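Protein chains in written order, with this note's numbering: chain A, 50 to 258; chain B, 3 to 670; chain C, 7 to 307; chain D, -16 to 458.
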C-alpha cells in the first residue's frame, strides 16, 4: 500500500516539473501532505498513540492545510504573477527529474545493506535532489520556499522509514516543519514579504563581492 | 640578569613615554637605548674576553626550555648593534623633532625603536628556535612600524607592507627549516641541530643549509632576495634607514654565520654557493646603485653591494675551513666580520648625512642638488669621508676589511684545484670591479650633490646641521671609522675569539693566520696621511706668498651663466649606462630637440630592478590574474549557493562510483 | 730606498724623452729632455687663479693626488732591493692608493662646476674603474705562480725561463704599458695634444687648475710613468743584484719613453666610445695571463 | 541544572523582548550575564557529568562554553552602547537583546549536548535567533542577508538531518537505536561503511554553513557583513565554533572506523578550497567587515586542515579555534568603534584612524598581528603546530601552497588595515571622535591579551583540557 503512495509521491514530482503555475505548485504541496498523512497512518501504526496522533495532526494540519493556504494567501496578497518562470523549458526539467529518479533507483540498487524498503530511500532522495534542482532552476523566491517544502517532505518520508525504531526522528522532522512555518511567518509577516516576495531572486542579489 | 633588566627598561619606557612632551620623548628614548646598550655591552665585552654568559629559562610548554648564550660571535654583533643604535637614537631624536605635533605617532615610533633594539640584541643570544622566530617577527614588526613613521604618504605604507611581506616570507622559510629539524629532534634547542643535520643525507644537509641561507638572505639582502631594500630605505626616516642598513640586515649575516656554526654540512659546496651568490650580489648591487637618482635608493643598493662583499668573505672562510687552510679561513671570516662592523659605520654615517639634506629639502633627488658643500660643510666632509671608506680606499676602515678579503682570495687561488680557481679569480675580478664602480658611484653622488653650483633654486635655506643631535653621532662614527682605518690591530684583538669559533687558530697574530699584516696596514695608512699632509703643507707654504685671484670657472669662451650647463648625475654616468644597458633595465622616455630654435626638450630615465621585475612583480601579476578568475563564486545568487553544496556532495558521491566503474572496465 | 730615488730621477726626464722623440719623429728638433721639469718648476713659482665656485676640495685634491702616487712609488721594489715599504699584499695597497688619488682628482674636477670638467671626470672614472681588474688579475696570477703576495717577493721569485713565461712576460708588459697609458690618459685612449676639449679626458679635468696645483698634477703624471717603468723593469730583472739593476732600470725607462713617443706620433687615438671596449680587452688579456699561470703551476695542462 | 538554565535564559529573553524600559533592560542583561556565568561555573565544577541524559560536560564543551561566556560579556555590553547610539527604538532593542540571549543559550546547549539530534535542534535555534539579529537594521541589505542566511542554513541543516537519518539507517542494520555520541563511538566500527560515508558527507556539508567552509560558506559572509558588529563578533567566533563542534563530534565517530582517511580527504579538500576562496576575495574586497569574515573562513580552513592532518594537528585545531575566537571577536568589536567614527565600512572612506583613536589604533595593530598569526601571536603557535603536523604527515604538497596563500592574505589585509590606520582620506575630515568607552576598550585588550598569553604560555590546565578533548580521537 505504502509503495503505491510513494509511487504517487514520485509522480507528483514529475508533475511539479511540468507544471508552470504557482497555484499548481501549492496544490501539489497539499497533495503531498495528504500522501504523507497516508504513509504515516499506515506505517507508524504501532508507535505509541500520543506520538502518532501528534504526527498525523502535524501532517494534515501543517503540511496539507496550513502551509498551502498560507502560501496561497501570500500569492494572492502580493498578486505575484501566476507563471512560475523557470529558467529552463519544462520538457528539459522533466527529463532531468526523470534522470534523477532513475539515478536514485540505480544507486539504491547499488547499495545492498538495507533493512528498510528501498522505495523509501528512492522517493526521499529523488525528492531531495528534485527539490534542489527546482530551487536552482526557478526564479521566484516563493518557488524557493515551495521547493524547500518539497525537500522537507522527502526528508519526512525518509524519517518514516526509521519511524518504528526511532520515533524521535519523525518528531525531529515535525520540528523541522515547525521551523519552516516559523520562518515563513517571520519572513513574510515582516518586510521581506513586501520587499521581495513578488520579485525574482536576481533582484535580491546585490550582496556580492 | 641582563634579560630582566632589559625587560624592566622597556616596560618603564612604554609606561612613561606616552605622557611625556614630544621633545622629551626623544631624550627618554636616548636614555633607554643607552641603558640597554650599556647593560648588554658589558656582557658582550666580557664575552669577547672569553667569559661567556649562559643561563637557561624554564620556558613554557610551547617553547621548551630557553637557553641564552652570549658567545663571542653574538657579542661582536651585539656591540655593533649597540653602537649603531646609540648613534641612531641620538640622531633620530633631533630628526624627529620637526614632527612634534603628532605626539601619538612619535610615541609609537620610539616604543618600536626600543623594541627593535631589544629584539635584535635578543636574537643574537637566544638559542631556541621558537623563541628565535618570535623575536625575529617582533623585530620585523617593530622595524615595519619604524619605516611607516611618515605613513601619511600612501607610498610609504606600500613600501612598508612590501618590507613586511618579504620579511614574513623569510620567516616562513626559517619556520620550515626549523620545523624540519624540530620534527627530527624533540626539542627546539639549537644544541640538537648538529646531531640532526649530521644524521641527514648530504643532499638534505645542503637543502637545509640553503633554506637557512635563503631565510636569512632575505634579511641580509642577497640577490634575489634584495628587492625590499631599495623600496624601504627611501620610505623610512633617515636614522631608521641608517639603523636598518647598519644592523638590521646584519642580523641576516649573523644568522648565516650562526647556522654555519650549528649545522654540519659539506663546507666546500656551501662555500662555493655562498661565494658565487655573493659575487653576483655585490656586482648587481653596485651596478644598479650607479644609475639611481634617489640618494637613499642609491645607498640602499650599496648596502646590497656590501652584503655581497661580506658574503665573499664568508664564502672564502668556509672554503678555507673546507680545504683545511686556516690562513684563508681566518682571513675570510675576519674580513667578513670586520666588514660587517665597517659597513654599519660608514653606511649609517652616509644615511645621517643624507638625512641632514633631506630634512632641509624634503627631497632625495640628486639632480636637484649641487654646491651644497657651501651650506653643509660638516655634512659634506663627513659624507666624503664615508664615501672614501665605502669605496674601500686607504686610509679608511673599508680598506682594511677588503684588504683581508683580497688576501684570502689570492691565498685561495693558489690552493684550489683547477676549475674552482676560476671562481676565485672571478671573485677577484668582481671585487676589483666593485671597488671601481663604487668609486664611479660615489664620485657621482658626492660631486653632484655637494660640489659645483646648485641645479635648482633652493628655497630659503636655514641650516640646522650644526645641532648637536646630528653632529655628535656623526663625528662619533667618523672617529671610529678613522680608528679602525689606522689602528685595526685593536679591533683584530677583539675579533680573536669570534674567529676561533670558526677556525682552529688559537692566536690571531700567529704567523699562520696571515693576519699579521693587518697591524702594518694601519701604519702604512698613517704614512699615506703624513705624506699628503706634508705635500699640502708645502703647497700652503708656497701659495701663501703669492696672492690667489678668484674668478669664475673657465667656460670655454661662454660668458653667460653656465650653471644649467653643468654635468648632471645622469650625464655623468651616461657612458657607463650605455656600457651596461644590456644587463640593466632602464625605462627611458624623452622628447628630442628639433628645429633650428628648439624649445624645451627633456629626457627621463627610470632605472628598474630586473630581478625584481622578473621574480616578484611578474609572478605576482600572473597569480592575481589567476585569483581573479575565481571571483565569480560569491555572486549573490542564491541558486548558485545551493548549487555549490550539491556539486560538492556530488563530487564525493559520484567520483568514487565513476572510478570504481572505470576500474571494473579496465580489470576485465 | 734605492728604487724610490731611481723612480724620482727617472720621473724627471721621462716625459722629456717622450716629447723629444715625438718632435724628432715629426721632423723637428724639439726641446731638451728636462723641459717638462723646467715647466713644472716655473708653474710652482706662478700665482694661481681659482674658480669662485670651487671649495676646499679643489685646493687639497692635487696634494692628495700627488701623495697617493708617491705612496705608490714607495711600494715599488728594485731588483733585489726592497721598496721603501714592502709587505704581503702591498700591490693591493698600491692599486687602492692610486685609486684614492684618482678619486680626489675626479671630485676636484667636479668641484669647478664646469661642464667640460664634468665630462672629463666622467670619462676618467669610467676608464680607470674598468682598468682596475686587469691589474689585479695580472698581479694575482704572478702571485699564483710564485706563491707570494708582495711586489718584491713576486718579482724576485718570478723567473723567466720557459716558453709560457716568455708569453706571459710579453702580455704582462703590454698590459702594464696600457695601464700606464690609461692612468695618464695618453695615446690610445686620449691625446694630450688635442685642442678640442670635447675629445679630452685628463687635460680637460685640469682646465681650472693653475700655478702650484697644476705643477703638482703635471709632476704626478711624470711620476706615474716612471713607476710603471719600474714595474716593467722588475718584471724582467726581478732578482738581479742592486748595482746591476740601476743601468737596466734607466735603459728600460728610456726604451719605455721612446716607445710611448713613437706610439703617440704614429698612432691615432681611439674614438671615445671605443675606449671602454679597449679597456675591457685588457681584462681578457689578463685572463690569458692567468691561464698561463695556471699552466705553469700545473693545475691546467 | 541545564534545564533550569535554558528556562531561565528563555524567560529573561522573553522579558527583554516585552520590556520597553531601558533601566530594566540593563538589569535584565546583567542578570543574564550572571546566569550565564553561574551556569558556566557550575559546569566547570562538575565536569564529565551527564545532565538530563542529553547533555554531557566533556572537555570540548567546556572549552567552547568558556570561550562563549567570555566573549558574550563584551558582546552584550558593547551592544548596549551600540543600540544606544542608534535610533533608539525600544521594540527593536528588545528584539535584538532577546535574540542575542536566545542565541547564546542555544549555543551553550549545542556545545553541551551529547546527543546528535539534540545538537541539531539547538543549531537550528541558533539559525533562528541569528537571523533575527541580522534582520536588526531592517534595511534592504539586511533583509537580503537575512533571507539568504535563513535559506542556505535551512537547506544545509536539512542536509544534516538527512545525514542523521542515514546514520540511523546504518545503526538500524546493527539494531542500535541510541544516538548518544559515546554510544555511537562504541558501535562505530560495526557500522556499514556506505551509510557512514553518506551520512558523514551530508552532515559535514550541512555544518559547513555554520563553520563557514566551502561549499556552504556563502551566506555567512553576508550575515557577518550586515549584522551589527557585536553580533558579527559572535557570529565569527562562537557561532563558527558550534559548526566545529558539530563536525568534530561526528568526526570522532568516524575516526574509529575505516572511513577515517576518506573523511580526512573530504575535510582537507573543503578546508583548502576555503583558504583559496578567502585569498581570492581578500584582494578584491574594499569592505573591512567582509574582509574579516573571509579571514574567519581562512582560519576555519587552517584548523580543519590541522584536524585532518592529525597528530599534533588535533591539539592545534582546538587551540586555533579558541584563540581565533578571541582575536576575531575583539577585532570585530574594534571595527564597531571604527564604524561609529566614520559611519562607513569601506576601507577607502576610512583613514588615519590611529590619529582619531590612538588606543583603538594600537589595538588594531595588535589584532592584525594576532589575526595574521604573525609571532608572537598565539595563533602563530597553533599554526606552527599545524604546519608541523602537515610536515610530519607528509602533506608537503598542501603545506607549500598553503603558505603562499597565507602570505597573500597577510599582504591584502596588511595593506588594507594600515591604510586605514595611517593614510588620511582626502582632506582631513574631522570624524566625530566621541570618546570610546574605556571599559569596552579594556575588554577588547583583555581578549587580545588572552590570545597572546594562551598561545605563548598556556597554563597546564588548559593544555590538559585540550588534550582531553582530542584524546577521543587518538584512543
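Ideal placement from N, C-alpha and C gives every residue a C-beta, glycine not left out. Here the structure is a predicted model, which is why all the values come from computation and not from measurement.
- Within chain A, not a single residue places a beta-carbon under 9 Å from that of residue 626 of chain B; the smallest gap is close to 15 Å.
- If you look at residue 57 of chain B, you'll find it isn't in any alpha helix (DSSP H); it sits in the beta strand (DSSP E) that goes 55 to 59.
- Contact between residue 375 of chain D and residue 294 of chain D is confirmed by a C-beta separation of about 6 Å, below the 8 Å threshold.
- The CB of residue 646 of chain B comes closer than 8 Å to the CB of 197, 198, 199 and 201 in chain D, given here in chain order.
- Here the alpha carbon of residue 470 of chain B sits roughly 27 Å from the alpha carbon of residue 123 of chain B.
- Residue 39 of chain D has a beta carbon lying at 9 Å or more from every beta carbon in chain A.
- Taken in chain order, the stretch 219 to 274 of chain C contains no complete beta strand (DSSP E) segment of 3 residues or longer.
- For residue 170 of chain B, there is no enclosing beta strand (DSSP E); the enclosing alpha helix (DSSP H) covers residues 156 to 186.
- For residue 636 of chain B, at least one C-beta of chain A is nearer than 9 Å to its own C-beta.
- Excluding the 5 residues flanking it on each side, residue 254 of chain B has same chain C-beta neighbours closer than 6 Å at 218, 221 and 222, in chain order.
- Listed by position along chain B, the residues whose Cβ is nearer than 8 Å to that of residue 359 of chain D are 136, 139 and 140.
- Along the stretch 201 to 250 of chain D, the beta strand (DSSP E) does not occur as any fully enclosed run of 3 or more residues.
- When DSSP states are grouped into helix, strand and coil, residue 636 of chain B belongs to the coil group.
- Under the 9 Å criterion on CB atoms, residue 344 of chain D is classed as interfacial with respect to chain B.
- Taking 9 Å as the Cβ-Cβ cut-off, the stretch 397 to 425 of chain B has no residue approaching chain D.
- DSSP lists B:591 as the beta-bridge partner residues of residue 606 of chain B.
- For residue 197 of chain B, the enclosing alpha helix (DSSP H) begins and ends at 195 to 201.
- Our two residues, residue 357 of chain D and residue 349 of chain D, have alpha carbons roughly 10 Å apart in a direct line.
- The C-beta of residue 258 of chain A comes closer than 9 Å to at least one C-beta of chain B.
- C-alpha of residue -16 of chain D to C-alpha of residue 115 of chain A: approximately 37 Å in a straight line.
- By a beta-carbon distance limit of 8 Å, residue 78 of chain C contacts residue 103 of chain C. Their separation comes to about 5 Å.
- The three-state reading of DSSP puts residue 296 of chain B in strand, counting E and B together.
- Contact between residue 170 of chain D and residue 159 of chain D holds, with the beta-carbon distance rounding to 5 Å and staying under 8 Å.
- Annotation: residue 60 of chain C is outside any alpha helix (DSSP H) and is labelled neither H nor E by DSSP.
- Between the alpha carbons of residue 169 of chain C and residue 607 of chain B lies a gap of roughly 52 Å.
- Sixteen is the threshold: since fewer than 16 other Cβ atoms of the shown chains lie within 10 Å of the Cβ of residue 31 of chain D, the residue is exposed.
- Cβ contact annotation for residue 311 of chain D (same chain, cutoff 8 Å, sequence separation greater than five): 216, 219, 220, 275, 278, 279, 282 and 354, in chain order.
- If you check the CB distance, residue 305 of chain D and residue 50 of chain D come in under 9 Å.
- Annotation: residue 177 of chain C to residue 299 of chain B spans about 41 Å, alpha carbon to alpha carbon.
- Contact annotation for residue 551 of chain B against chain C: 53, 54, 55 and 56 [CB-CB distance below 9 Å, chain order].
- The C-beta of residue 55 of chain A has 16 or more other C-beta atoms within 10 Å across all chains shown, which makes the residue buried.
- In the DSSP annotation of this structure, residue 27 of chain B is not part of any beta strand (DSSP E); the continuous alpha helix (DSSP H) holding it starts and ends at 24 to 50.
- Taken in chain order, the complete alpha helix (DSSP H) segments of 4 or more residues contained in the stretch 337 to 410 of chain B are 379 to 392.
- For residue 82 of chain C against residue 405 of chain B, the beta-carbon gap comes to about 18 Å, at or over 8 Å, which does not count as contact.
- Runs of alpha helix (DSSP H) with 4 or more residues, each lying fully within the stretch 0 to 70 of chain D, are found at 5 to 28 and 42 to 68, listed in chain order.
- Of all residues in the stretch 552 to 573 of chain B, those with a C-beta nearer than 8 Å to a C-beta of chain C are 552, 553, 554, 555, 556, 557, 558, 564, 565, 567, 568, 569 and 573, reading in chain order.
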